[in-house]
Structure formats: structure tokens, C-alpha cells
Amino acid sequence: MIDDIVIILCLIIVKGLVTAASTSLTVLDLKKNKYSSDKNPDMEKLSKILPKSRQYTNTASVINALFGIIIGFILAFRTFGKVLQVLLSHLPNIPVVINEIIAAIIIILVTTYFFAMFSLLLPKTFANKYPVKIVLKLKGLLAFFSVICSPIVWLVDISSELCSKIFTKKSAEEGISEEEILMMVDASGEQGSIDEQEKEMINNIFDFDDKNVVDIATHRKDIVALPIDAEFDDIISLVRDLKYSRIPVYEEDIDNIIGILHIKDFMRYIILYGKEKFNLKKLLREPYFVPFTKKTNDLFKELQSKKIHMAVVADEYGGTAGIVTMEDLIEEVMGDIQDEYDDEEEPEIKTVSENVIKIEGSTDLEDVADELEIEMPVDEYDTLGGFIIGVLDRIPEPNEKGLKIEYKGYRFYVDKVEDNRIAQVTVLKLPNN
602 MIDDIVIILC LIIVKGLVTA ASTSLTVLDL KKNKYSSDKN PDMEKLSKIL
652 PKSRQYTNTA SVINALFGII IGFILAFRTF GKVLQVLLSH LPNIPVVINE
702 IIAAIIIILV TTYFFAMFSL LLPKTFANKY PVKIVLKLKG LLAFFSVICS
752 PIVWLVDISS ELCSKIFTKK SAEEGISEEE ILMMVDASGE QGSIDEQEKE
802 MINNIFDFDD KNVVDIATHR KDIVALPIDA EFDDIISLVR DLKYSRIPVY
852 EEDIDNIIGI LHIKDFMRYI ILYGKEKFNL KKLLREPYFV PFTKKTNDLF
902 KELQSKKIHM AVVADEYGGT AGIVTMEDLI EEVMGDIQDE YDDEEEPEIK
952 TVSENVIKIE GSTDLEDVAD ELEIEMPVDE YDTLGGFIIG VLDRIPEPNE
1002 KGLKIEYKGY RFYVDKVEDN RIAQVTVLKL PNN
């Protein structure tokens, strides 16, 4: 038994020395600039050892694992384990199996304590304080074990390199999912690592790829366009009042857009030729049509590559569903962009009081659901107005101001109806909500 204890103590001491030496090498490797700049007289000796630091640290890992197994074996099966079982067997009314379990737990706790204290904590503490001295004192020990363990170290190196390649390749192929990134963004937002605007922008980037162009298009009813037979003075008036850079031109109705009038082309024509012999058709550029199912991300790339700033969104019947501009696409990620000609826009959602909110009928239903913190049928309806019309199962008349519905603790009042659309809604939070 005494022989076993001596062996264990020797193994723990050697294990601690090896740990101290390998930790010192790691410290020196990380702080070699500091030690070299201090004009340390021992740097010449260290310069011969540091290039082998990886080999020595791998040797230390093998020694630590090997000695740990040997110490555990001796404790469990030779000395301490048997003594414990004999002592515990004298306790009354305790089955043998329970004795063995108690003995195993005590062995694990005692071994962990000695390992942690004498093979890890103390060696690493001294290594961090005196890395140069320890490396120079123990370089012979490291060199000795490096030679003895070289076959095992070589095998471990090859195995770890192979595993690293396999798992690195697998990790690269799998990548990080969109959901994981969004979870990280939300967590960073809650911790204050990124501000709300940055968080919203990152979320917008991921939403951007999932949206169809029809979701962000200016609806056909809101399109400002010119008929092909528009008078010169009417065009001047429209250009002066609205200050648009591009205006769609249609023949007969908005479903037949035949071209896009660029205002710079129009102004150049006026400067060169004046009002005489004006022909709107000759100034038109070919419209760029896209299906309503096209993804916003794909359209952005197309407009960018073709250097086009406006696209006409066609519905399934070939009619006009809406208009999308490059600015619309950018605003989906960056938020509203106000230029020098834009009027100050009223917010779509405006809080009147604690329980009252004014919302435009054209507001995206997802935004309404987020504002009210309730679930709404966003897969069935695009806008708040569309949702209310769906619940009513009819389009309200212009004189039906005050028409209301109730939904999940809120009362929705129709304030204004224009062109068969709900333009303005007041939302009241009910007392029992």
C-alpha cells in the first residue's frame, strides 16, 4: 500500500511539473513580443525551445492523460478502493452494491481534488508568474518525455488533424442557419450590443429575400401616371407639382402601360425644341415588366445590373398590379428615405393616447400585429383595410364612418373610406384586454 502511495505522489508531482512547463511555454508563446522587448538575457536560450512549443505541449497532454489513467487505476483497483470497501463493509445494513457506489464517489472526489490542486491550479499559477524560469528549469524533463512519447504524440497529431478536417468541412457545409443568426441578433439587441435600428435593418435584410415585389409595390390605384394623349401643359403642371423623376404613361387605361417618361428627357426636349411639334410617344422609354411573384431580392439584382430604376408589376392576367422603384427596394432594408422633394409624411401608426391608436388602412398587417402585440391573419390579408373588409365581408360605404369590428381585445373603427378602400382606422384597446 505504501508503495502505491509513493507511486501516486511521484506521478502527481511529475504531472504537475509537466503541466507547469507546458503552460509556461503557452504563456511565452502568447507574450513573446513582451519578453523579447524586455531584452531578457535568457531569450537566446528560449529561442531554441519556443519553436518546439507545439511538440512539447502535445507531449504534456499525452503525459497528463496517461498519468491520470494510471493514478485512477491505482486508486480504484489497488489501494484506496479496496481499503474503502473494507471500511464501508463494516457499516450495518448497507448492501455491497451501495458500498461500491459510495467508494467510487469518494475516490472520484479525492482524485479530482488532488488533480485540480497539484496537477492543474498550482502549476498553472506558478507558470503564469514565472514562465521563463520554469521553462529553463524543466526543458530537460520536456525533452526526455518528448522522445519517450514521440510515437503516441505522432499518432495523436495525425488523428486530431484528420478529425479537424472532417468536422471543419462538415461545419462549413452546414453553415449557420437564418434562424440562428436572427436569434443571435435578438439576443444582442436585448443585451444592448446592437441598437434597435441596426437590429431592424438586419431583420429587414432577411425579410427582403422572402418578399414578393407585389408586397412592396405602389398599388395601381395610387400610381401617378399620364395618358398617352396628355397635353403639354398638363405634363408641365404634373412635373412642377409632384417633382417625380419618372412617370409611367398608359394608353386607354392603367393596365396598358406603354412607356416611362423620364423627366430629364422631357426637359432636354423643351430646351432644344420648345413646345412646338411635341410628341410624348417619342420621349418614352420601354417599360420593364416583372411578374407579381418575383422576389424583391431578385428584382434588386436585375434593376442594378440593367441600370433601371422603375419596374411595372404585372398581375396574373397581364394587367398592372403596381409600380416598384429602386428607392422602394432600398427602403425595405434601410427604412424610409426622405429626399429634398418629399413632404413630411405622417406615420402610418400614430399613438393618440394609452388606449387609442390611429392607423392608415394601407398599413401592412404584420406591422399592425406587432404594434398591438396580437396574432392576426397575415397570411390571408396584406393590409389592415383588407383585414377589416374581410371580417365585414363587404366594402364599407363612404358615409359609414364609425363602422366597427372587435378582434382579440381591440375595437377597430372605420374613419374614412376612399375609392372603395378603407383609408383610416381608429383602434381602441378594450378595458378587459
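No gaps in the numbering here: position 84 of the sequence shown is 685 in my numbering, and each next residue is one more.
Glycine included, C-beta positions come from ideal geometry on N, C-alpha and C.
Just verifying my parser: in three-state terms, what is the DSSP assignment at residue i?
i                 : result
proline 888       : coil
isoleucine 608    : helix
tyrosine 1008     : strand
lysine 1002       : coil
threonine 964     : coil
tyrosine 1014     : strand
isoleucine 958    : strand
arginine 655      : helix
glutamate 1019    : strand
isoleucine 975    : coil
isoleucine 950    : strand
isoleucine 996    : coil
glycine 617       : helix
cysteine 764      : helix
glycine 673       : helix
glutamate 569     : There is simply no residue 569 to check, as the chain begins at 602 and stops at 1034 in what is shown.
aspartate 758     : helix
tyrosine 731      : coil
glycine 741       : helix
aspartate 1036    : This structure cannot settle anything about residue 1036, because the visible part of the chain is limited to 602 through 1034.
serine 638        : Confidence in serine 638 is poor, its pLDDT being 49 and thus under 50, which makes the residue's placement unreliable; the coordinate value appears in the next sentence. Three-state result, serine 638: helix.
glutamine 905     : helix
serine 662        : helix
phenylalanine 668 : helix
My assumption, with CB atoms under 8 Å, is that residue i sits in contact with residue j. Please give the rounded CB distance.
i                 : j                 : result
valine 815        : alanine 922       : 5 Å
phenylalanine 867 : leucine 843       : With a Cβ gap of about 13 Å, phenylalanine 867 and leucine 843 do not count as contacting.
valine 827        : arginine 847      : Looking at the sequence shown, residue 827 is not valine but leucine. Going by Cβ atoms, the distance from leucine 827 to arginine 847 rounds to 11 Å, so no, they are not a contact pair.
lysine 822        : aspartate 965     : Wrong, their Cβ atoms sit about 17 Å apart, outside the cutoff.
isoleucine 829    : valine 850        : 6 Å
threonine 660     : cysteine 764      : So it is not a contact: roughly 19 Å between Cβ atoms.
lysine 616        : phenylalanine 668 : 5 Å
valine 914        : isoleucine 958    : Between isoleucine 958 and valine 914 the Cβ distance is about 30 Å, and since that is not below 8 Å, they are no contact.
valine 628        : asparagine 729    : 6 Å
leucine 1031      : glycine 1010      : 5 Å
tyrosine 657      : serine 720        : Wrong, their Cβ atoms sit about 17 Å apart, outside the cutoff.
Name the one or two DSSP bridge partners that residue i has.
i              : result
alanine 1036   : Nothing can be reported for residue 1036, as the shown portion of the chain is limited to 602 through 1034.
lysine 1030    : Tyr1011
glutamine 1025 : Glu961 and Lys1017
threonine 549  : The first residue shown for the chain is 602 and the last is 1034, placing residue 549 beyond what the model contains.
Given 7 Å as the limit, tell me if residue i has its C-beta closer than that to any heavy atom belonging to the ligand GTP.
i           : result
alanine 621 : The ligand GTP is not part of the structure shown, which contains no ligands of any sort.
Enumerate, from N- to C-terminal direction, the unbroken alpha helix (DSSP H) stretches of 4 or more residues contained entirely within the segment 774-835.
779-792, 797-811 and 814-817
Complete runs of the alpha helix (DSSP H) confined to the segment 843-897 [at least 4 residues]:
864-874 and 881-884
Cβ pair count under 8 Å reaching 3, the segment 898-906 against the segment 793-805
no
Inter-stretch contact (C-beta, 8 Å, three-pair minimum) for the segment 987-998 and the segment 1012-1023
yes
So, does the segment 887-895 touch the segment 813-828, judging by three or more C-beta pairs under 8 Å?
yes
Say whether the segment 956-963 touches the segment 998-1006, bearing in mind that this needs 3 or more beta-carbon pairs closer than 8 Å, one atom from each stretch.
no
Would you check if the segment 725-739 and the segment 606-622 touch, i.e. whether three or more CB-CB distances between them fall below 8 Å?
yes
Segment contact flag, the segment 949-956 with the segment 915-929, C-beta cutoff 8 Å, min 3 pairs
no
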